[in-house]
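As they're listed, the protein sequences go chains A and B.
Under this note's numbering, the residue at position 99 of the first sequence is numbered 99, and the numbers go up by one with no gaps.
Position in the second sequence (from 1) plus 1000 gives the number in this note's numbering.
2 protein chains.
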Amino acid sequence: MAEITLLSIAERLEGFEETIVFKLIDRAQYKTNPPVYKQGKSGFKNAGDASLFELRLHNQELMDARFGRFCAPEERAFTGRLPKPHRGVTIGDTGLRCKNLKAINFTAEILAAYKDLLPRICVHGIDKGNFGSSVENDVYALQAISRRVHYGALYVAECKFRDNPEKYRGLIKAKNVDEMLALLTRKEVEDAIIARVREKVAYAQARVNRRVRTVLDPDCIVRFYREHVIPLTKKGEIAYLLNRNL
Amino acid sequence: MAEITLLSIAERLEGFEETIVFKLIDRAQYKTNPPVYKQGKSGFKNAGDASLFELRLHNQELMDARFGRFCAPEERAFTGRLPKPHRGVTIGDTGLRCKNLKAINFTAEILAAYKDLLPRICVHGIDKGNFGSSVENDVYALQAISRRVHYGALYVAECKFRDNPEKYRGLIKAKNVDEMLALLTRKEVEDAIIARVREKVAYAQARVNRRVRTVLDPDCIVRFYREHVIPLTKKGEIAYLLNRNL
């Protein structure tokens, strides 16, 4: 059985925070750019109804799929019809015990939450000539958030199950989601995450020149974690447990 | 004539610093992973002699070219045989006055300097199952560094020319590189950049958990700026001036 402990997983999740914060700061250097999300306005020939954002996301995932990204259990594609990897990728025993891992997929919720966040972190308006950079940074931010949510969902749930298998087995068999959620939730851990993320956003921008850089409000990111990242992770933990091998 | 001033350009360059620092920190979360740079070891079928890193860089640039990245005067591709954009990209008058802009290309020097930097910022060794993420982060870091160097080269040179056109015209006609370099160099500006970069590297990692994150040594990044980013930018300024319309 692979060596996974709640401490090692929690620390890995903590390590993802910098990456998410950096990617959101990078995206916020571009304006909201509403046209890039408009259907049929990609500017590409023969791209049908797709938006520029959707095209970029799909093209990134086409490339990533060929390189093997989605072989990792915590990676999820936002778009469909992706090729198999063009290279061999070896994933050892991850310690996860769930047949239907890829069914645990919160990309739609993450995308909706992210689009809702954008007008709160970006200056409203249009960057002429920078639509490409804008959607490029959308994709990187979304991938970082998705990795955090799905990694947390799968591995935290597995660790908690192992710590208390009999209790969880009973709740899973009874499909008792409310009690599972109560058992999974540790308010003090959530508060520590929130406090840490707030500080990281502030420190990452401590030496910024505000005349050229848009500064992310730590409150926005804290709210995004509290309203989306943490609840989606817990929803994913429940989904994992309901699908876990008993 | 487009509105470009030395102050606005210097501030733009300052704004790129966070992005470079963030990308290097992200790359440093993976080990050196020497096999990804080995020719013929990409694991891809029919990829010939390419390394995994080269394949990733080329595939990223194929996608970026289709999206129009290289229409921006400061963007340079590291690899060749790229398609034309698949969408219309409008770049207004940039204010640059140089026919042969794309000939000013320091990607080879940037790549060599970057590969030399890696063993100083990454833990030595191999991340099983993370070769894809490792080269992905290489590409993002290289693109951020390249944008900084080429943007600085072109726009700083143009601003300095405009501030003192008669003097520069004489030096350009005489191909007097040494005196041009002396005239371009402002030691106090370089020292300010170095001091600022050092602080940014430190602050961006102020709240890091060192058990899970590899911490970038500010000295390494300062040295990279002093030995490569700044000198290559100045080399690019000279190249721009020698090619400028007189």
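Cβ atoms here follow ideal geometry from the backbone N, Cα and C, with glycine treated the same way.
Around the beta carbon of Leu7/A, fewer than 16 other beta carbons sit within 10 angstroms, so the residue counts as exposed.
Secondary structure in the segment 57-128 of chain A: the alpha helix (DSSP H) runs of 4 residues or longer, each lying completely within the stretch, are 107-121 in chain order. In the assembly as shown, Lys1200/B is a buried residue. Its beta-carbon has 16 or more other beta-carbons within 10 Å. In the three-state reduction of the DSSP assignment, Arg244/A falls in the strand class. Counted as a single uninterrupted DSSP element, the alpha helix (DSSP H) harbouring Val1156/B occupies residues 1131-1163.
Three or more Cβ pairs drawn from the segment 207-223 of chain A and the segment 1011-1022 of chain B lie within less than 8 Å of each other, which places the two stretches in contact. Arg76/A is a Cβ neighbour of Thr107/A, given a cutoff of 7 Å. Taking a Cβ-Cβ cut-off of 8 Å, Phe1070/B has no neighbours in chain A, whose nearest Cβ is about 10 Å from it. Runs of the beta strand (DSSP E) lying entirely within the segment 177-222 of chain A, each at least 3 residues long, are absent. Taking the Cα positions, Val1189/B is about 11 Å away from Arg1196/B. Cβ contact annotation for Leu216/A (same chain, cutoff 7 Å, sequence separation greater than five): Leu24, Ile25, Ala28, Ile121, Val201, Gln205, in chain order.
Below 8 Å, too few C-beta pairs join the segment 82-100 of chain A and the segment 1093-1112 of chain B to call them touching: fewer than three. Contacts between Thr90/A and chain B, judged by CB atoms closer than 9 Å, involve Lys1128, Gly1129 in chain order. Cα atoms of Ala1192/B and Asn1245/B: separation of roughly 31 Å, rounded to the nearest angstrom. As the crow flies, the alpha-carbon of Gly80/A is around 26 Å from that of Asn130/A.
By the Cβ test, the segment 228-241 of chain A is not in contact with the segment 37-48 of chain A, since fewer than three Cβ pairs between them sit closer than 8 Å. For Lys45/A, the chain B residues whose Cβ falls inside 9 Å of its Cβ are His1086, Arg1087, in order along the chain. Contact check for Val139/A and Thr233/A: beta-carbon distance about 21 Å, past the 8 Å limit, so the pair fails to qualify.
Pro1119/B and Thr1032/B have their alpha carbons spaced roughly 6 Å apart. Less than 7 Å separates the beta-carbon of Glu11/A from that of Arg1211/B. Nearest in C-alpha terms to Gly88/A, of all of Lys1128/B, Asp1093/B, Leu1062/B, is Lys1128/B. Those residues of the segment 194-210 of chain A placed with their C-beta closer than 7 Å to a C-beta in chain B are Arg196, Glu199, Lys200, Tyr203, Ala204, Ala206, Arg207, Val208, Asn209, ordered along the chain. The secondary-structure analysis by DSSP pairs Phe1044/B across a beta bridge with Arg87/A.
Under a criterion of Cβ atoms nearer than 7 Å, the residues of chain A adjacent to Val1212/B are, in order, Glu11, Arg12, Glu14, Gly15. For Ile1009/B, the closest alpha carbon among the candidates Ala1144/B, Val1021/B, Leu1154/B, Gln1039/B is that of Leu1154/B. In this structure, DSSP gives Ile1009/B a helical state, which the three-state scheme calls helix. For Gln1143/B, the closest C-alpha among the options Thr1094/B, Lys1235/B, Leu1052/B, Glu1061/B is that of Glu1061/B. Among the residues of chain B, those whose CB is under 8 Å from the CB of Thr19/A are Asp1026, Gln1029, following chain order.
In the three-state DSSP reduction, Glu3/A falls in the coil class, being neither helix nor strand.
For Ala1072/B, the CB contacts under 7 Å within the same chain, skipping 5 residues up- and downstream, are Ile1091 in chain order. By the neighbour-count definition (other C-beta atoms within 10 Å, threshold 16), His1058/B is a buried residue. One alpha carbon belongs to Ala1174/B, the other to Leu1183/B, and they sit about 14 Å apart. Around Pro1218/B, the same chain offers Arg1198, Val1201, Ala1202 as residues with beta carbons nearer than 6 Å, after the five sequence neighbours per side are excluded.
With the criterion set as a beta carbon lying under 9 Å from some beta carbon of chain B, the members of the segment 130-141 of chain A are Asn130, Phe131, Gly132, Ser133, Val135, Glu136, Tyr140, in sequence order. Rounded to the nearest angstrom, the Cβ distance from Arg56/A to Pro83/A is 17 Å, too far for a contact under 8 Å.
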